[in-house]
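Student: Using my numbering, the first residue of the sequence shown is number -11, and each one after it goes up by one.
Backbone N, C-alpha and C fix where the C-beta goes; we use that ideal spot for every residue, glycine too.
Treat the numbers as computed from the prediction; the structure is a model and nothing was measured.
My questions will all concern the structure given below.
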Amino acid sequence: MADPRLAGTSIADSVIDVFGNTPIVRLDRMMEVEQIPSVLAMKMETTNPGGSAKDRPALEMILAAERSGELKPGGTIVEPTSGNTGVGLAIVAAQRGYQCVFVMTDKNGQEKIDLLKAYGAEVVVCPVAVAPDDPRSYYKVAERLTHERNAYRPNQYGNPDNPEAHYKTTGPEIWEQTAGRITHFVAGAGTCGTITGTARYLKEQNADIQIVAADPEGSVFSGGTGRPYLVEGVGEDFFPNAWRPDLYDEVIPVSDADSFAMARHVSRTEGILIGGSGGLAVAAAIQVAKRAKPDDLVVVLNPDSGRGYLSRIFNEDWMVNFGFVTECEQCVGAVLDA
Ligand code: PMP
C-alpha cells in the first residue's frame, strides 16, 4: 500500500517492488580479449535484491498462491532449492509474513545455507548421492515436510508461474533494453524457467531470435546421463515441466572446468564477479558470439554472483583439489600476486 506522505518521491513501497529491471552491460573487455566480431552483452541479474534471477519467480509463485488461497496469511513455505530460489522466497516471505523451510543437498556451499538462515529460514540438508525416490533425497524430504507442516510447496520444477515470471519481466526488459535488436539469447537451464519464459516472450516478438541453452556436461538437457557435475543451479537428471526444446535453437554442453575458468576470467577481466553457472552461460555465449555476424547482438544472462562461491571456484585449494587448477598454475599465481 502506497504511503501518501511519500507522494511524488521515487521511494519504493517495499523490497519486492524493486525486483527486476536489471541492467544489461556490454562485455567490452571480453569482446576484445576473445576477439568477438559481434556484440556480447550481459543481463546482470545480480542487481535483484536477493542477488539472483530467482527473485522473479519466487515473487510470482507466492503472489499466485496467495490469490488461489493455497498460501494463507502466516503460512509455511517448503521448497527444495539450491539456494537462489530460497533467497527469493525468503525475502518475499519475510516481507509478507510467512515461515520458510528449505531442503538442500550437501553439494551446495555452506555460504548458501548460512544465507538462507540469515533471512530467518530453516534449512534441512540432504545427501546428493542418493536416487530421487530414496526417502533421504531432497525431493522426498521436501514432500514429507510439506505434509507434516501443512505447508505450501511452490514446486519451482513444475510451477508454470516460474517461467511466467520471466515471460512477464525478463523477456520484455531485454526486448526494450536492446530496442528489439537482440539476435541471440543465451542462458543456463536448471528448472528451465529463465530460458523458457524469456524465450517465449522474445520469440513472440521476433521468431528469428536464436535461443541457446547452456548445460553442464553430463546433464540430460544436452544428452547426458545425469551423472554428477559440480557447477551449481543448472543441469538436471530429469526433464522439468518448463523444459521446452521446441523453443531452443541449440543446447551447448560446457564442462565444469570451462565453466569455472570462465567465471574467474570474466570476474577478473570485466570486474563483474560471477558464479559457475554464469561462467557456463558466458562460455556458451562466447562460442555463439564468435560465430555470429558483426551486426548481431548476443545477450547472455548471468543468474547470480560469485560471492556465493568464494570457498569453491575462487578458492585456490578447492580448485587444485578438484584438479581445475594445477599446483603449477597456483605457484605462478602466487608469484604474480606477490
Ligand atoms: N544458475 C543458478 C546459480 C541457479 O540457482 C539457477 C536456478 N536453478 C539457474 C542458474 C538456472 O535457472 P532456471 O532454474 O530458471 O533454469
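Helix, strand or coil for Val222, going by three-state DSSP, please let me know.
Tutor: Val222 falls in the coil class under three-state DSSP.
Student: Say the cut is 7 angstroms; is the CB of Thr34 nearer than that to a heavy atom of ligand 1?
Tutor: The answer is no for Thr34.
Student: Since Pro241 and Ser210 should fall inside the 8 angstroms C-beta cutoff, what is the C-beta to C-beta distance between them, to a whole number of angstroms?
Tutor: Contact flag correct, Cβ pair sits at about 4 angstroms.
Student: What do you get for Ala41, buried or exposed, if any count of 16 or more other CB atoms within 10 angstroms of its CB means buried?
Tutor: Ala41 is buried by the Cβ-count criterion.
Student: Flag Thr182 as yes when its Cβ comes closer than 7 angstroms to any non-hydrogen atom of ligand 1, and as no otherwise.
Tutor: Within the cutoff, so yes.
Student: Nearest by alpha-carbon distance to Gly218: which of Ala245, Trp231, Tyr86 and Val276 is it?
Tutor: Just to set this straight, residue 218 is Leu in the shown sequence, not Gly. Per the Cα distances, Ala245.
Student: Are the CB atoms of Val208 and Glu224 nearer to each other than 8 angstroms?
Tutor: It is a contact, given that the beta carbons lie within the stated cut-off.
Student: Check whether the region 117 to 126 and the region 136 to 151 touch, using three or more Cβ-Cβ pairs below 8 angstroms as the test.
Tutor: Counting Cβ pairs under 8 angstroms, fewer than three are found: no touch.
Student: Of the residues Phe312, Ile12 and Ala271, which one's Cα is nearest the Cα of Glu33?
Tutor: Here the closest residue by C-alpha is Ile12.
Student: Which of the three DSSP states, helix, strand or coil, is assigned to Ala326?
Tutor: Unreliable placement is indicated for Ala326, whose pLDDT of 48 sits below 50; the coordinate value is still reported in the next sentence. Residue state, collapsed to three classes: coil.
Student: For Gly57, verify whether its CB is less than 7 angstroms away from any heavy atom of ligand 1.
Tutor: No; taking the cut-off as 7 angstroms, the Cβ of Gly57 has no heavy atom of ligand 1 nearer than that.
Student: Can you grab the Cα-Cα spacing for the pair Ser243 / Leu268, in whole Å?
Tutor: Those two C-alpha atoms are separated by around 8 angstroms.
Student: I want to know whether the region 171 to 187 touches the region 195 to 208 - three or more CB-CB distances under 8 angstroms.
Tutor: Enough Cβ pairs lie closer than 8 angstroms, so yes.
Student: Would you tell me roughly how many angstroms separate the C-alpha atoms of Ser26 and Gly168, rounded to the nearest one?
Tutor: The straight-line gap from Cα to Cα measures roughly 16 angstroms.
Student: Can you tell which of Gly259, Arg55, Pro160 and Thr64 has the C-alpha that lies nearest to the C-alpha of Met18?
Tutor: Out of Gly259, Arg55, Pro160 and Thr64, Gly259 has the C-alpha closest to the C-alpha of Met18.
Student: With a cut-off of 8 angstroms, do at least 3 Cβ pairs link the region 303 to 317 to the region 53 to 65?
Tutor: With the cut-off at 8 angstroms, the region 303 to 317 and the region 53 to 65 do not touch.
Student: Quick one: complete alpha helix (DSSP H) runs, 4+ long, within the region 239 to 319?
Tutor: As far as the region 239 to 319 is concerned, its whole alpha helix (DSSP H) runs of at least 4 residues are 244 to 258, 264 to 279 and 304 to 309.
Student: Return the chain-ordered list of same chain residues with a C-beta closer than 8 angstroms to the C-beta of Gln98, the five sequence neighbours on each side being excluded.
Tutor: Cβ within range, chain order: Ser299.
Student: Cutting at 6 angstroms between CB atoms, please list the residues of its own chain near Val113, excluding the five before and the five after it.
Tutor: So the qualifying residues of the chain are Met92 and Asp94.
Student: Out of Thr171, Thr(-3), Gly176 and Val21, which has the shortest C-alpha to C-alpha gap to Asn194?
Tutor: Measuring from the Cα of Asn194, the nearest candidate turns out to be Thr171.
Student: With DSSP collapsed to three states, give me the class of Ile170.
Tutor: Here Ile170 sits in coil by DSSP.
Student: Helix or strand or just coil, what does DSSP make of Met(-11)?
Tutor: The answer is coil: DSSP assigns Met(-11) none of H, G, I, E or B.
Student: Identify whether Arg124 lies in helix, strand or coil by the three-state DSSP scheme.
Tutor: In the structure shown, Arg124 sits in coil (DSSP, three-state: anything other than H, G, I, E or B).
Student: At what residue ranges does the region 187 to 233 contain a whole run of the beta strand (DSSP E), taking only runs of 3 or more?
Tutor: Those beta strand (DSSP E) runs which fall completely within the region 187 to 233 and span 3+ residues are 198 to 204.
Student: Taking just the CA atoms, how far does Asp1 sit from Asp283?
Tutor: Asp283 and Asp1: Cα-Cα distance of roughly 41 angstroms.
Student: Starting from the N-terminal side, write out each stretch of the beta strand (DSSP E) that is 3 residues or longer and does not extend beyond the region 48 to 86.
Tutor: The region 48 to 86 contains these whole beta strand (DSSP E) runs: 64 to 68.
Student: Mapping the DSSP letters down to three states, classify Leu28 as helix, strand or coil.
Tutor: Residue state, collapsed to three classes: strand.
Student: Measure the beta-carbon distance from Gly74 to Ala109 and round it to whole angstroms, keeping in mind my assumption that it falls under 8 angstroms.
Tutor: Right, their Cβ atoms sit about 7 angstroms apart.
Student: Can you tell me whether Ser207 sits near ligand 1, meaning its C-beta is under 7 angstroms from at least one heavy atom of the ligand?
Tutor: Checking every heavy atom of ligand 1 against the Cβ of Ser207, none is found closer than 7 angstroms.
Student: To the nearest angstrom, how far is the alpha carbon of Trp163 from that of Val89?
Tutor: If I take the Cα positions, the gap works out to 36 angstroms.
Student: Any heavy atom of ligand 1 closer than 7 angstroms to the Cβ of Lys191?
Tutor: Because no heavy atom of ligand 1 lies under 7 angstroms away, the Cβ of Lys191 does not count as near it: no.
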